[in-house]
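There are 2 protein chains.
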Amino acid sequence: MPKPFHNLEQEKQQRIISASLQEFSEKGYEQASTNQIVKNAGIGKGMLFYYFNNKRELYDYLINYCFDLVHNGYVQQIDLSEPDFIERFRQASMNKLTFFNENPFVFNFLGIIMLTEDELLPHDTRKKIEQLQQIAYDSIYKDIDYSLFRDDIDTQKAMDLIKWSMDGYREDISQVYKGEDIANVNMEKLTLEFTQYLDTLKIAFYK
Amino acid sequence: MPKPFHNLEQEKQQRIISASLQEFSEKGYEQASTNQIVKNAGIGKGMLFYYFNNKRELYDYLINYCFDLVHNGYVQQIDLSEPDFIERFRQASMNKLTFFNENPFVFNFLGIIMLTEDELLPHDTRKKIEQLQQIAYDSIYKDIDYSLFRDDIDTQKAMDLIKWSMDGYREDISQVYKGEDIANVNMEKLTLEFTQYLDTLKIAFYK
DNA sequence: AAAATTATTGACCGGGGTGGTCTAATTTGT
DNA sequence: ACAAATTAGACCACCCCGGTCAATAATTTT
Numbered sequence: 001m002p003k004p005f006h007n008l009e010q011e012k013q014q015r016i017i018s019a020s021l022q023e024f025s026e027k028g029y030e031q032a033s034t035n036q037i038v039k040n041a042g043i044g045k046g047m048l049f050y051y052f053n054n055k056r057e058l059y060d061y062l063i064n065y066c067f068d069l070v071h072n073g074y075v076q077q078i079d080l081s082e083p084d085f086i087e088r089f090r091q092a093s094m095n096k097l098t099f100f101n102e103n104p105f106v107f108n109f110l111g112i113i114m115l116t117e118d119e120l121l122p123h124d125t126r127k128k129i130e131q132l133q134q135i136a137y138d139s140i141y142k143d144i145d146y147s148l149f150r151d152d153i154d155t156q157k158a159m160d161l162i163k164w165s166m167d168g169y170r171e172d173i174s175q176v177y178k179g180e181d182i183a184n185v186n187m188e189k190l191t192l193e194f195t196q197y198l199d200t201l202k203i204a205f206y207k
Numbered sequence: 001m002p003k004p005f006h007n008l009e010q011e012k013q014q015r016i017i018s019a020s021l022q023e024f025s026e027k028g029y030e031q032a033s034t035n036q037i038v039k040n041a042g043i044g045k046g047m048l049f050y051y052f053n054n055k056r057e058l059y060d061y062l063i064n065y066c067f068d069l070v071h072n073g074y075v076q077q078i079d080l081s082e083p084d085f086i087e088r089f090r091q092a093s094m095n096k097l098t099f100f101n102e103n104p105f106v107f108n109f110l111g112i113i114m115l116t117e118d119e120l121l122p123h124d125t126r127k128k129i130e131q132l133q134q135i136a137y138d139s140i141y142k143d144i145d146y147s148l149f150r151d152d153i154d155t156q157k158a159m160d161l162i163k164w165s166m167d168g169y170r171e172d173i174s175q176v177y178k179g180e181d182i183a184n185v186n187m188e189k190l191t192l193e194f195t196q197y198l199d200t201l202k203i204a205f206y207k
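Listed below in structure tokens is the structure:
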């Protein structure tokens, strides 16, 4: 909605978005300080209220911004044509890792939103959340080739366990490399390690 | 250290501790409000500063309180004589679940502490953290019977995967039953489901 | 070049919350 | 009955809050 904001140089726009996401995701809506935001963004106080009429409008803008970003930059990137569950999940996890590195506060911000009580959220935001969750769910479980799994194991349970495993691994990695730019991380070593875990999972759960 | 506080009726003492932990774990040290604490604890403002001379002293008291509680109430309860990794982890997970339910803010509070930058923490607190982490690590990995694992799988990787799986399951459960008293939860059904996951893990990773 | 429009800053506002104090009242112990 | 321990909350000076606005600088239009 805010016209002047969209005409801004990308870099300044990003600085404002980034500073806002950080502040909101660290403190929540009420506790977040617009003063802190403008300071971190390196702009004057007046500008923030020139681009957005008030705190709430900024917040709502960020909600939509993050939803679109996660949708286009992460969920939609998942390769639905890959029938191997573990391989599809591998690709999704790697995407998530780089996405998280490039947009450090987006997931945390959305996390805060999803923990917000129903009454405090605009009605259509709730719907957006559910839609995105549904799409994300489909992107992971749709058109999976179940015949790869061992017959003596409940396939759904196996998929749950694999999902928890890979999420746990990814979170451990995020934790260790927190703050460091992923470009500086030894990617080959990391990918190799990841592959080893995946191979182990395949031995354990596949025929 | 605070003499009058220890002589308090257990129930009031608990109310104060609980309200403080909640506030600190939700807002962090600086943002936490002593006014909010006394309101939630149902005591007058004066009392808090009668028991503890200032905010920091309360905070430090809580740190020690939580460390001791986690150590005695959770870590030390893990049965080191159980050589089956999955079984030991099962017992630990169930303990953690009930502990978490009885002390809802303790883990979150300690989580905040561990994310605090080094300079802001008393020196001996850092040491306490590392000690507890070491003990917890030992409690999970010491004297495990590795011969139970399949020979065609890297045992350490298998244990990592199992750990992530069970942590993921436990977190999902916590999430779903968040807020509800665990006494009201259908424990048999939950235990059964947990066992099914564990059995699946055994089929997958054990000989 | 002049005028009009847009972009930008930061001092400023009333209001509300901050950690902490202190007085005055009540309860307890003897 | 009296002293000591316990309690509540009004009060303090201070700081920060979201938001405004007048002054100016930069840019665009004429």
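If you read the sequences in order, they're chains S and Y.
If you read the first sequence in UniProt numbering, its first letter stands for residue 1, the second for the next number, and so on.
If you read the second sequence in UniProt numbering, its first letter stands for residue 1, the second for the next number, and so on.
Glycine included, each C-beta is placed from N, C-alpha and C at the ideal position.
Simplified DSSP assignment, three categories, for residue i
| i | result |
| --- | --- |
| Y:Y74 | coil |
| S:F85 | helix |
| S:Y137 | helix |
| S:Y146 | helix |
| S:Y169 | helix |
| Y:Y206 | strand |
| S:G179 | coil |
| S:V106 | helix |
| Y:E9 | coil |
| S:E117 | coil |
| Y:I17 | helix |
| S:S33 | coil |
| Y:L80 | coil |
| S:V185 | coil |
| Y:I112 | helix |
| residue 225 of chain S | With chain S represented from 1 up to 207, any question about residue 225 of chain S goes unanswered, as that position is not in the structure. |
| Y:P4 | helix |
| Y:D154 | coil |
For residue i, the nearest candidate out of the options (CA to CA)
| i | options | result |
| --- | --- | --- |
| Y:R56 | Y:F24, Y:D118 and Y:Q175 | Y:F24 |
| Y:I153 | Y:L62, Y:Q77, Y:F205 and Y:T34 | Y:F205 |
| Y:A158 | S:I37, S:I182, S:F105 and S:L198 | S:L198 |
| Y:P104 | Y:M166, Y:E180 and Y:D138 | Y:E180 |
| Y:A136 | Y:K27, Y:Q14 and Y:N72 | Y:N72 |
| S:D160 | Y:K178, Y:Q196, Y:K189 and Y:I129 | Y:Q196 |
| S:L192 | S:Y141, S:M94, S:S165 and S:I129 | S:M94 |
| Y:P122 | Y:A32, Y:F52, Y:Y61 and Y:Q22 | Y:Y61 |
| Y:I129 | Y:E9, Y:E26 and Y:V75 | Y:V75 |
| S:K96 | S:E26, S:W164, S:E171 and S:N53 | S:E171 |
| S:T200 | Y:K189, Y:I162 and Y:E26 | Y:I162 |
Residue i vs residue j beta-carbon contact at 8 Å
| i | j | result |
| --- | --- | --- |
| S:L80 | S:D143 | yes |
| Y:L132 | Y:V70 | yes |
| Y:I37 | Y:N101 | no |
| Y:F5 | Y:C66 | no |
| residue 253 of chain S | S:M187 | There is no way to answer for residue 253 of chain S, as the model of chain S reaches only from 1 to 207. |
| S:I173 | S:T125 | no |
| Y:F194 | Y:Y169 | yes |
| S:Q31 | Y:Q31 | yes |
Close Cβ partners of residue i (< 7 Å) along its chain, the five nearest in sequence each way excluded
| i | result |
| --- | --- |
| Y:K202 | I86 |
| S:G28 | I112 |
| S:T34 | L48 and K55 |
| S:V106 | L21, C66, L69 and V70 |
| Y:K127 | none |
| S:V185 | Y177 |
Proximal residues to residue i (C-beta, below 6 Å), its chain only, five neighbours per side dropped
| i | result |
| --- | --- |
| S:I78 | A92 and S139 |
| Y:M1 | Reliability fails at Y:M1, whose pLDDT of 49 lies under 50, so the model's placement of it is uncertain and the value that follows must be treated cautiously. Nothing meets the Cβ criterion. |
| Y:K207 | R150 |
| Y:N7 | none |
Proximal residues to residue i (C-beta, below 8 Å), its chain only, five neighbours per side dropped
| i | result |
| --- | --- |
| S:E119 | none |
| Y:T98 | I182 |
| Y:T155 | Y146 and F149 |
| Y:K45 | T34, N35 and V38 |
The ligand ATP heavy atom lying under 7 Å from the CB of residue i
| i | result |
| --- | --- |
| Y:R150 | In the structure on display, the ligand ATP does not appear, and there are no ligands present to speak of. |
request  = Would you check if the stretch 80-93 of chain S and the stretch 142-152 of chain S touch, i.e. whether three or more CB-CB distances between them fall below 8 Å?
outcome  = Counting Cβ pairs under 8 Å, three or more are found: they touch.
request  = Check whether the stretch 7-25 of chain Y touches the stretch 35-53 of chain Y, taking contact to mean three or more Cβ pairs, one atom from each stretch, closer than 8 Å.
outcome  = The stretch 7-25 of chain Y is in contact with the stretch 35-53 of chain Y.
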